[in-house]
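Chains as they are written, first to last, in our numbering: chain A, 1 to 73; chain B, 74 to 488.
Beta carbons are placed, not taken as given, at the ideal position from N, Cα and C, and that holds for glycine.
Structure record follows, encoded as structure tokens.
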Amino acid sequence: MATEPKAATEDVKIDLFEDDDEFEEFEINEEWDDKEEGKDVTQQWEDDWDDDDVSDDFSLQLRRELESNNDKN
Amino acid sequence: MAYMNMSMGEAHRRITDYLNRFSDAVSSQDGASFKSLFALSSNSPFLLSLADAVALFHDANRLINQSDSYSQFSDILLPLLRSVQNYKQGDFVEAYLAFEKTANAFIQEFRNWESAWALEALYVIVHDIRVLAEKADKELASTGKSPEKLKGAGSFLMKVFGALAGKGSKRVGALYVTCQLFKIYFKLGTVHLCRSVIRSIETARIFDFEEFPKRDKVTYMYYTGRLEVFNENFPSADYKLSYALKHCNPQREANIRLILKHLIPVKLSIGILPNHRLLEKYSLLEYSNIVLALRRGDLRLLRCALQDYEDRFLRSGVYLVLEKLELQVYQRLVKKIYIIQKQKDPSKAHQVKLEVIVKALKWLEIDMDVDEVECIMAILIYKNLMKGYFAHKSKVVVLSKTDPFPKLIGKPVNS
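Next comes the structure, spelled out in structure tokens:
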């Protein structure tokens, strides 16, 4: 294994950019079949979630809150 | 030091062995063997022990010059052996400088080789020059000097790109070089420099995108997809990142995760939500409250989630995209108020008093007065997230009787 650079210490302020989201290298001849498993991850999206259902907890609490003012009046 | 255990004779043998492999690979055009001779950053035992041999022997130059089959490549070999030695000793600036010389000499020879037999070796050199430059810059910065080796590596890669941009079989290597350039520019924060090489890839007639290797197309679409996110071209970002997702090796979960990390904000912006299972599987739970906030119309939850993961979202460049989801959350909240009113009294439901919205927001611990709410409602109408008009004097939003809350269905909010 290569030895550490002579002058570097962990807490030296390094004025360099980083890209946290650097893509990992594929191997030079890396091959794969994307037909089967690839499908699974592309099918995990919902486009029909924006429905008219207000029976969830949040909506019920919202309803209660909106109705509460009427009591005060 | 490890090489103290090696004898001079052994060192001599190892160096000559390396030189022979080099000249054999060239004369038989054996690309697979050739590439392993340049793979410094792989830390292969083969190269590490070569480094020891070079350090011990001291005079590798003499060995190179003593035979025609090596000396004709001395411009490549001399600095390469120096680089291998420097690398092992952790002198990354010196290693980079030497490797850069090797790389430049290599390109000269490469241009003369008609076929693409040495393309894999080129890939290794292109990759390692970037990695070495990064290490060199760290070393420079840590000693208070200006880090400019990575920038220099970028210039070299542009030269390589030029060598590949021709009609011959070498041109399939251009996308790999492009992706290495992307990595450099993203790291340096000079992403505007991506534009010219993208233009070359996408408009030059010599390139047919489909001919490039799949792994390079995936990487390319990931980076260009990210650029589209920066530029808020959501349909384009969706296309590119979805392409990368669909075609990425499914076993490379780290990469799938990176693609999703950038694709999810795009999908959210066009009204599409990820399943919770997806977020769990790829450890992207920082998005789960944002998704929930959209589902509910819970503005407080959205703002909390943005705050909780602000640093992470900023570093990935998605913060602004997520912040703009506020409008969609407002839409959902008002829609819920409308539906709740409709259940109580259908005849009056399409009239929503601003003060009711103020009250709902107050319940969400968001303090806004009627004028501010009016402003938001005006924006919702302007951007076609809400259909209706304002009765300004009575402070009421009068909603359209048909489809008052148009869905995005895969299109971004009107700008």
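Compile a chain-ordered list of the residues in the region 466-479 of chain B whose CB is closer than 9 Å to at least one CB of chain A.
F478
Residues in the same chain with beta-carbon distance under 6 Å from B/V470, minus the five sequence neighbours each way, listed in chain order, please.
V425, M450, G461
Top-ranked residue by Cα proximity to B/V99, from B/A191, B/I452, B/R376, B/Y295:
B/A191
Tell me whether the beta-carbon of B/G390 lies closer than 7 Å to the beta-carbon of B/F478.
no
Residue-level contact to chain D via CB, A/R64, 7 Å cutoff:
The structure shown contains no chain D; its protein chains are A and B.
Count the other CB atoms, across all protein chains shown, that sit within 10 Å of the CB of B/E207; report buried if there are 16 or more and exposed otherwise.
buried
Does DSSP classify B/V391 as helix, strand or coil?
coil
When the Cα of B/I202 is compared with those of B/S219, B/P220, B/A171, B/A189, which residue comes out closest?
B/A171
Any chain B beta carbon closer than 7 Å to A/S59:
yes
Touching or not, the region 253-260 of chain B and the region 213-221 of chain B, by the rule of three or more beta carbon pairs under 8 Å?
no
DSSP three-state call for B/A133: helix, strand or coil?
helix
Quick check on DSSP: helix, strand or coil for B/K426?
strand
Check distances from the C-beta atoms of the region 303-322 of chain B to those of chain A and list, in chain order, the residues that come in under 8 Å.
S315, L318, K319, H320, C321, N322
If you draw a straight line from the C-alpha of A/D48 to the C-alpha of A/D56, how long is it?
16 Å
For B/G344, which residues in chain A fall below 8 Å Cβ to Cβ?
D47, D50
Distance, B/S215 Cα to A/D51 Cα:
56 Å
Near-chain A residues of the region 365-383 of chain B (beta-carbon distance less than 7 Å), N- to C-terminal order
R368, R369, D371
What residue range is occupied by the uninterrupted alpha helix (DSSP H) comprising B/V157?
147-161
Excluding the 5 residues flanking B/E167 on each side, which residues of the same chain have their C-beta closer than 7 Å to its C-beta?
N159
For B/E305 and B/E353, what's the separation of their Cα atoms in angstroms?
26 Å
Alpha carbon to alpha carbon, how far is B/L406 from B/A310?
27 Å
I want to verify the contact list: residues of chain A whose CB lies under 9 Å from the CB of B/T297, in sequence order.
Near B/T297 there are no residues of chain A at all, since even the closest Cβ is about 12 Å away, more than 9 Å.
Residues bridged to B/L346 by DSSP?
A/E46
Give, in chain order, every residue of the region 429-452 of chain B whose Cβ lies closer than 8 Å to some Cβ of chain A.
V429, K432, A433, W436
Buried or exposed: where does A/S68 fall if 16 or more other Cβ atoms within 10 Å of its Cβ makes it buried?
exposed
So what does DSSP say about A/K72, is it helix, strand or coil?
Caution applies to A/K72, whose pLDDT of 43 falls short of 50 and renders its modelled position unreliable; the value that the coordinates give is listed next. Helix.
Consider the Cβ of A/F26: report whether some Cβ of chain B lies at a distance smaller than 7 Å.
yes
Give the residues of chain A in contact with B/K256, contact being defined as C-beta atoms less than 8 Å apart.
D19, E22, F23
Out of B/K421, B/H335, B/Y316, B/P485, which one is the CA nearest neighbour of A/D34?
B/Y316
Rounded to a whole number of angstroms, what is the C-alpha to C-alpha distance between A/E4 and B/K290?
Here the model assigns A/E4 a pLDDT of 45, short of 50, so the residue's position is not dependable and the matter cannot be decided.
Just to confirm, are B/Y196 and B/C252 a CB contact at a threshold of 7 Å?
no
So what does DSSP say about B/F463, is it helix, strand or coil?
strand
Taking only beta-carbon atoms, is B/K426 less than 7 Å away from chain A?
no
Does any residue of chain A bring its CB to less than 7 Å from the CB of B/S109?
no
By DSSP's criteria, B/V471 is part of a beta bridge. Which residues make up the other side?
B/Q424, B/Y462
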